[in-house]
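Working notes, beginning with the structure itself.
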Amino acid sequence: MSNRRQSILSRWAALTGVAILTLIPVSRSFAEPDLQPLPTITSYVTDTTGTLNQSEKDDLSKILERIEEENGSQVVVVLIPTTQPEAVEQYSLRLASQVGIGRKATDDGVLILLAKDDRRIRIEVGYGLEGAIPDARANRIIEQTIVPELKKGNFYIGLRDAVLEIERLIKKEELPPPDRTVPETRTPDRGFDW
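If you're matching positions, the sequence shown starts at -11 in the working numbering and goes up one per residue.
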């Protein structure tokens, strides 16, 4: 009888273990919604929405490249359809930390993220530039420079004017000079290695 009891207990323990292992992934799927995949960033401007034409992307890229060459800071513009189910703030932090915008030691990167279908925009600033572009200033750039143009359908003008304002603010900040000894890693399409 004790062998039979031991056999029943062993089977029960095995079934319980299998049930627990089966339920763990199910419970995780309820706890963590599927997040939007992050876009692959290969250039200064990434537009997965098709909002900007090639000439506009090239013009923005030239300004952004100039900022990096003259000041060392990287500024990247990303247009995506949506950040849902994440708020734009969480998505922009996730994207900025995965991509590693700016110089690692200085943390002087800026991400301008526009979620077109959500009608949300965020400027994420690395700690190295928070003196030049604090959150309140980034919000003013959004509210006073970008949003009025977006309401008119002028996405390029709003983004360009914001980039020029950010460039002006970065120039005022005391940052380490750009590292001119680093070998050129840009590809012909103005992409660069992160």
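Just so you know, even glycine gets a beta-carbon here, dropped at the ideal spot from N, CA and C.
Bridge partners of residue i, per DSSP?
i: R110; result: L101
i: Q86; result: Q86 is not bridged to any residue.
Taking the beta strand (DSSP E) that residue i belongs to, which residues open and close that run?
i: Q62; result: Q62 to I68
i: D35; result: V33 to D35
List the endpoints of the continuous alpha helix (DSSP H) containing residue i.
i: D149; result: F143 to K160
i: N59; result: Q42 to N59
i: L117; result: No alpha helix (DSSP H) contains L117, which DSSP labels as neither H nor E.
i: P136; result: V135 to K139
i: D123; result: D123 to R128
Taking the alpha carbon of residue i as the point to measure from, which residue in the options has its own alpha carbon closest?
i: L67; options: T39, R148 and S61; result: T39
i: E44; options: R54, N142, K160 and Y115; result: N142
i: I51; options: P27, V87 and V33; result: V33
i: D22; options: S80, S31 and T71; result: T71
i: V113; options: T94, R107 and Q42; result: T94
i: R156; options: I29, R54 and N41; result: R54
i: L81; options: S61, E137, Q132 and Y115; result: Y115
i: I111; options: E74, V65 and L138; result: V65
Can you round the beta-carbon distance between residue i and residue j to whole angstroms, since I take them to be within the 8 Å contact cut?
i: I121; j: I154; result: 7 Å
i: L190; j: I109; result: Because residue 190 is not part of the residues shown, which for the chain are -11 to 182, the question remains open.
i: P27; j: T36; result: 5 Å
i: N59; j: K140; result: Contact doesn't hold; Cβ gap of about 30 Å is too wide.
i: K92; j: P69; result: Wrong, their Cβ atoms sit about 30 Å apart, outside the cutoff.
i: D106; j: V87; result: Actually they do not touch by this definition, with Cβ atoms about 20 Å apart.
How many angstroms separate the CA atom of residue i from the CA atom of residue j?
i: R125; j: V151; result: 13 Å
i: G146; j: V63; result: 15 Å
i: Q78; j: V135; result: 20 Å
i: D46; j: D149; result: 15 Å
i: D123; j: L117; result: 10 Å
i: Y144; j: P25; result: 24 Å
i: G97; j: Q42; result: 24 Å
i: E56; j: N127; result: 22 Å
i: L48; j: S85; result: 22 Å
i: L138; j: I129; result: 13 Å
i: S31; j: Q132; result: 27 Å
i: E74; j: G119; result: 27 Å
i: L83; j: I29; result: 10 Å
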